[in-house]
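S.K.: Structure incoming, see below.
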Amino acid sequence: MEKQKIKESLVYKKDLVLKSASENELEEQEYLFSRTVYNEDGKVISEIQYSPSGDTIQEYEYKYNSQGLLTEELLKEADGFIAEHKSFEVNDDGRIIKEFRHYMDESFDTIHYFYDDQGNIIKKEVIDPDGDLESIEEFSYSGELQTTHIVKDADGELVYEKKIDFNDEGKAVEIYEFDGSSGQTKKVVNEYYPSGNKKEVLTYNHAGQLIGKVTLKENTEGKIIQVTEESPGKKNISNFTYDERGNMVYQDEFDKNGEMIAKVNRVYDDNNKLLSSAVYMHGGGRGLSRNYTLRQEYTYF
Numbered sequence: 093m094e095k096q097k098i099k100e101s102l103v104y105k106k107d108l109v110l111k112s113a114s115e116n117e118l119e120e121q122e123y124l125f126s127r128t129v130y131n132e133d134g135k136v137i138s139e140i141q142y143s144p145s146g147d148t149i150q151e152y153e154y155k156y157n158s159q160g161l162l163t164e165e166l167l168k169e170a171d172g173f174i175a176e177h178k179s180f181e182v183n184d185d186g187r188i189i190k191e192f193r194h195y196m197d198e199s200f201d202t203i204h205y206f207y208d209d210q211g212n213i214i215k216k217e218v219i220d221p222d223g224d225l226e227s228i229e230e231f232s233y234s235g236e237l238q239t240t241h242i243v244k245d246a247d248g249e250l251v252y253e254k255k256i257d258f259n260d261e262g263k264a265v266e267i268y269e270f271d272g273s274s275g276q277t278k279k280v281v282n283e284y285y286p287s288g289n290k291k292e293v294l295t296y297n298h299a300g301q302l303i304g305k306v307t308l309k310e311n312t313e314g315k316i317i318q319v320t321e322e323s324p325g326k327k328n329i330s331n332f333t334y335d336e337r338g339n340m341v342y343q344d345e346f347d348k349n350g351e352m353i354a355k356v357n358r359v360y361d362d363n364n365k366l367l368s369s370a371v372y373m374h375g376g377g378r379g380l381s382r383n384y385t386l387r388q389e390y391t392y393f
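This note's numbering applies: residue 93 is where the sequence shown begins, and numbers increase by one.
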C-alpha cells in the first residue's frame with residue numbers, strides 16, 4: 093500500500109486557563125496554533141503560527157524550482173513586514189552557487205559558494221551591497237568529514253575557528269572552537285556507545301576547566317532513556333519512555349533537588365504519526381506553571 097502524502101498538518105493548542113481565581117476554577121481553550129503546508133514532493137511550502145485570537149503571528153514561505161531545490165525563503169511578520177528574505181541560485185548539479193540576503197531598501201548581500209571535486213563546500217565569500225568583501229568562510233575535509241571551519245573578516249582577522257577530530261567510525265570525538273569576539277576557546281570531548289549514540293559529552297573552557305557534562309544512558313534497543321546535564325550550580329535529569337514501535341510516548345525533566353520541571357505525554361496513530369502531546373511545565377517560582385495539549389490533524393493529497 094502506497095504511503096499517503098501529507099498535504100497539510102494542523103496543530104491545535106488547548107490551554108488550561110484560570111477561569112475563576114476565587115474558586116481556583118480552570119477551563120480549556122483550544123485554538124489553531126500552527127499550519128504547515130506541503131507540496132506533492134513532501135517539501136514544506138508554508139509554515140504559519142497563530143495567536144489565540146486567530147491572528148497570524150508569523151509565516152515562513154518556501155519556493156522550489158522544477159528540480160525540487162529551494163530557491164527562495166521568506167519570513168513574514170503579523171503585519172506583512174518581511175523580516176527575512178533569502179533567495180538562492182543553483183547550478184546544473186543542484187548545488188547552491190549564490191545566496192542572496194535581501195533588505196528593505198531592495199539592496200542585498202551576495203554569498204558565493206565554492207566546491208571541491210567531491211562536491212564539498214570549501215569556501216563562502218560574503219559580498220555586501222556595495223560590492224565589497226565582508227567575510228570569508230573556509231572549510232577543509234578528511235574524505236566526507238568536515239575537519240575545519242574558519243571565518244575571517246574583510247581584513248583577514250580570525251573571527252571564528254572550529255576543528256574536529258573523528259574516530260575510525262566517523263564520529264566527532266573532540267571539537268575545538270575559538271570565538272574571536274571574546275578571544276575565548278572551548279573544547280568538547282565526546283564518548284560513544286557501540287551503537288553510535290553519544291555516551292558522554294564534556295565541555296572545557298579556555299583554562300581547561302570542566303564547565304559542562306552531559307551523560308546519556310541507552311536501553312538494549314539503542315534508544316536514549318536518560319540524559320543528565322550538569323554545569324556549575326545546575327543539574328537536570330531527563331527521562332524518556334518509548335512504545336513497542338520506538339515512538340517516544342513520555343518524557344520528564346527534574347532539577348538537582350528532584351523537583352519536576354516538565355513532562356510530556358504523546359499519542360501516535362497506527363502509522364506512527366503524532367496525534368497529541370500533553371505538556372506540563374512547572375513555573376519554578378519564576379512564573380505560573382503551564383498545562384497545555386497540542387493536537388495534530390492531517391489532510392492528504
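Note that the Cβ used here is the ideal one computed from N, Cα and C, for glycine as well. These numbers come from a predicted model, not from an experiment.
In angstroms, rounded to a whole number, what distance separates the CA positions of Thr295 and Asp171?
M.R.: Walking along the sequence shown from the start, residue 295 turns up at place 203. Walking along the sequence shown from the start, residue 171 turns up at place 79. Answer to the nearest angstrom: the Cα atoms are 42 Å apart.
S.K.: By DSSP's criteria, Phe258 is part of a beta bridge. Which residues make up the other side?
M.R.: Taking the first residue of the sequence shown as 1, we reach residue 258 at position 166. Looking at the DSSP assignment, Phe258 forms a beta bridge with Ala264.
S.K.: I need the boundaries of the beta strand (DSSP E) containing Tyr156, first residue and last residue.
M.R.: Residue 156 sits at position 64 when you count from the first residue of the sequence shown. It spans Thr148 to Tyr156 - the beta strand (DSSP E) in which Tyr156 sits, taken as one unbroken run.
S.K.: Are Glu345 and Ile329 closer than 9 Å when you measure CB to CB?
M.R.: By 1-based counting over the sequence shown, the position of residue 345 is 253. By 1-based counting over the sequence shown, the position of residue 329 is 237. Going by C-beta atoms, Glu345 is nearer than 9 Å to Ile329.
S.K.: For Phe270 and Tyr392, I'd like the C-alpha separation in whole angstroms.
M.R.: What you label residue 270 is simply residue 178 of the sequence shown in a count that begins at 1. What you label residue 392 is simply residue 300 of the sequence shown in a count that begins at 1. Rounded to whole angstroms, Phe270 to Tyr392 spans 47 Å at the Cα level.
S.K.: DSSP state of Phe173, grouped into three classes?
M.R.: Walking along the sequence shown from the start, residue 173 turns up at place 81. In this structure, Phe173 counts as coil in the three-state DSSP scheme.
S.K.: DSSP three-state label for Asn328, please.
M.R.: Along the sequence shown, read from residue 1 onward, the residue named residue 328 stands at position 236. Three-state result, Asn328: strand.
S.K.: What's the call for Tyr229, buried or exposed, on a 16-neighbour Cβ count within 10 Å?
M.R.: Your numbering for residue 229 matches position 137 in the sequence shown. First, the amino acid is wrong: residue 229 is Glu here, not Tyr. The residue in question, Glu229, is buried, as its Cβ has 16 or more Cβ neighbours within 10 Å.
S.K.: Who are the Cβ neighbours of Glu266 in its own chain at under 6 Å, not counting the five residues just before and after it?
M.R.: For the purposes of this step, residue 266 is identified with residue 174 of the sequence shown, where counting begins at 1. Within the same chain, Glu266 has close Cβ partners Asp257 and Val281.
S.K.: Alpha carbon to alpha carbon, what distance is there between Asp222 and Glu283?
M.R.: Residue mapping note: residue 283 aligns to position 191 of the sequence shown, counting from 1. Residue mapping note: residue 222 aligns to position 130 of the sequence shown, counting from 1. If you take the alpha carbons of Glu283 and Asp222, they lie about 47 Å apart.
S.K.: Is the beta carbon of His402 less than 9 Å from the beta carbon of Ile214?
M.R.: As displayed, the chain neither begins before 93 nor continues past 393, which places residue 402 out of reach and without an answer.
S.K.: Secondary structure at Gly134, three-state DSSP: helix, strand or coil?
M.R.: Here residue 134 corresponds to residue number 42 of the sequence shown, with the count starting at 1. Reduced to three states, the DSSP call for Gly134 is coil.
S.K.: Would you kindly check if the distance between the Cβ of Met373 and the Cβ of Ile353 is under 9 Å?
M.R.: As a position in the sequence shown, residue 353 is number 261, starting the count at 1. As a position in the sequence shown, residue 373 is number 281, starting the count at 1. In this structure, Met373 lies closer than 9 Å to Ile353 by Cβ.
S.K.: Could you check what DSSP says for Arg337 in three-state terms: helix, strand or coil?
M.R.: As a first step, residue 337 is located in the sequence shown; it is residue number 245 there, counting from the start. Looking at Arg337 - three-state DSSP - the assignment turns out to be coil, as it is neither helix nor strand.
S.K.: Counting only the same chain and skipping the five closest in sequence on each side, list residues whose C-beta sits under 6 Å from that of Asn383.
M.R.: Translated into positions along the sequence shown, residue 383 becomes position 291. These residues qualify, in order along the chain: Leu108 and Tyr372.
S.K.: Between Thr128 and Ile316, what straight-line distance do the alpha-carbon atoms span, to the nearest angstrom?
M.R.: Within the sequence shown, numbered from 1, the residue matching residue 128 stands at position 36. Within the sequence shown, numbered from 1, the residue matching residue 316 stands at position 224. Cα-Cα distance, rounded: 29 Å.
S.K.: By a C-beta neighbour count over all protein chains shown, 10 Å radius and 16 as the cutoff for buried, is Phe125 buried or exposed?
M.R.: Sequence index remark: in the sequence shown, residue 125 carries index 33 (1-based). Classification of Phe125: buried, given that the 10 Å Cβ count is 16 or more.
S.K.: So, helix, strand or coil for Asn212, using DSSP?
M.R.: As a first step, residue 212 must be located in the sequence shown, where it is residue number 120. Here Asn212 sits in coil by DSSP.
S.K.: Check whether the Cβ atoms of Val218 and Thr202 sit closer than 9 Å, and answer yes or no.
M.R.: Residue 218 sits at position 126 when you count from the first residue of the sequence shown. Residue 202 sits at position 110 when you count from the first residue of the sequence shown. Cβ distance < 9 Å, so Val218 and Thr202 count as in contact.
S.K.: When you compare each of Thr333, Ile137 and Gly338 to Asn157 by their alpha carbons, which one comes out closest?
M.R.: Here the question's residue 157 lines up with position 65 in the sequence shown. Cα-wise, what sits closest to Asn157 is Ile137.
S.K.: Can you list, in chain order, the residues of its chain whose CB lies under 8 Å from that of Gln238, leaving out five sequence neighbours each side?
M.R.: Taking the first residue of the sequence shown as 1, we reach residue 238 at position 146. Answer for Gln238: Asn212, Phe231, Ser232 and Ile256, listed in chain order.
S.K.: Since Asn311 is in the beta strand (DSSP E), which residue starts that stretch and which ends it?
M.R.: Translated into positions along the sequence shown, residue 311 becomes position 219. It is not in any beta strand (DSSP E) - Asn311 carries neither H nor E in the DSSP assignment.
S.K.: Hey, quick one: how far does the beta strand (DSSP E) through Leu294 stretch, first residue to last?
M.R.: Taking the sequence shown and counting its residues from 1, one reaches residue 294 at position 202. Element bounds for Leu294: Lys290 to Tyr296.
S.K.: In the DSSP assignment, find the unbroken beta strand (DSSP E) run with Arg187 in it and report its ends.
M.R.: Start at 1 with the first residue of the sequence shown, and residue 187 comes out as number 95. Element bounds for Arg187: n/a, residue is neither H nor E.
S.K.: For the candidate residues Asp361, Lys178, Ser101 and Val293, whose alpha-carbon lies nearest to that of Glu198?
M.R.: Counted from its first residue, the sequence shown places residue 198 at position 106. Of the listed residues, the one whose Cα sits closest to Glu198 is Lys178.
S.K.: If you check the beta carbons only, do Tyr123 and Ser143 fall under 9 Å apart?
M.R.: Start at 1 with the first residue of the sequence shown, and residue 123 comes out as number 31. Start at 1 with the first residue of the sequence shown, and residue 143 comes out as number 51. Yes. Within cutoff.
S.K.: What does a CB cutoff of less than 6 Å around Ser369 pick up in its chain, not counting 5 residues either side in sequence?
M.R.: As a position in the sequence shown, residue 369 is number 277, starting the count at 1. Excluding sequence neighbours, Ser369 sits near Val356, Arg358 and Leu386.
S.K.: Say yes only if the C-beta of Lys327 is nearer than 8 Å to one or more non-hydrogen atoms of the ligand SAM, and no if none qualify.
M.R.: Annotation note on the ligand SAM: not contained in the displayed structure, which lists no ligands.
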